[in-house]
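K.L.:
Here's a structure for you.
Below, the structure written as structure tokens:
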């Protein structure tokens, strides 16, 4: 995929065996490659969205790429990778890894990635009503969890298995380098403001 200008795809998680999926497609995000010389934060950062029918996941020709919104705000899709459009952008960059999940209790999609630099705990968490956005920032910081957690993390994911029924309580799984190169979790809950 690097030769196509995208790297490190990640599946949109709906739950075990894709239970709760929005339709008959499997959705996957990938990073638009800006700097092919290293797997660092890509600046400026862009993430694309692709989909494929569940029964055709191994058939490259069956993949469609998000290509924008029509005049009614509905997503458009193309099989031409060169015509893809990003569903997410951050001028401070996106990490070489990302995660995406659907929280059925909240009815929201979550996207998590790095910004600014890699292996520093520079985390951005974003939410949307649809897999293609538009995305709102719900948490954006550097040195995630510091000083309790070393500022060397680079991947985070909301584990669908451990979401509460109402979606408000979560378990965030994360990893990093050095002493954070392990299975790490943080339990938390979403707080809502008007």
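Numbering (the working numbering), first residue to last: -16 to 177.
Where a beta carbon is used, it is the ideal one built from N, C-alpha and C, also for glycine.
Mind checking who residue -10 pairs with in its DSSP beta bridge?
P.N.:
Stepping through the chain shown from its first residue, residue -10 is reached at position 7. Bridge partners of residue -10: 14.
K.L.:
Rounded to whole angstroms, how far is the Cβ of residue 71 from the Cβ of residue 94, which I believe are closer than 8 angstroms?
P.N.:
By one-based count along the chain shown, residue 71 stands at place 88. By one-based count along the chain shown, residue 94 stands at place 111. 6 angstroms between Cβ atoms; contact.
K.L.:
Helix, strand or coil for residue 166 per DSSP?
P.N.:
By one-based count along the chain shown, residue 166 stands at place 183. Here residue 166 sits in coil by DSSP.
K.L.:
I'd like to confirm the pairing. Which residues does DSSP put opposite residue 138 in its beta bridges?
P.N.:
Taking the chain shown and counting its residues from 1, the one referred to as residue 138 is at position 155. The partner list for residue 138 (beta bridge, DSSP) reads 158.
K.L.:
Please determine, among 116, 117 and 75, the residue with the shortest C-alpha to C-alpha distance to residue 107.
P.N.:
Your numbering for residue 107 matches position 124 in the chain shown. Ranking the options by Cα distance to residue 107, first place goes to 75.
K.L.:
Ignore the nearest five residues each way along the sequence and tell me which others in residue 42's own chain have a CB closer than 8 angstroms to its CB.
P.N.:
The sequence position of residue 42 within the chain shown is 59, counting from 1. Taken in chain order, the residues that qualify are 35.
K.L.:
Mind reading off the beta-carbon distance from residue 168 to residue 158? Whole number of angstroms is fine, and I expect it under 8 angstroms.
P.N.:
Working through the chain shown from its first residue, we reach residue 168 at position 185. Working through the chain shown from its first residue, we reach residue 158 at position 175. Not confirmed; about 10 angstroms, so no contact.
K.L.:
Using the C-alpha atoms, what's the distance from residue 91 back to residue 110?
P.N.:
As a working mapping, residue 110 is identified with position 127 in the chain shown. As a working mapping, residue 91 is identified with position 108 in the chain shown. When rounded, the distance between both Cα atoms is 6 angstroms.
K.L.:
Taking residue 50 as the reference, which of -9, 62 and 40 has the closest Cα?
P.N.:
Taking the chain shown and counting its residues from 1, the one referred to as residue 50 is at position 67. Nearest of -9, 62 and 40 to residue 50, Cα basis: 62.
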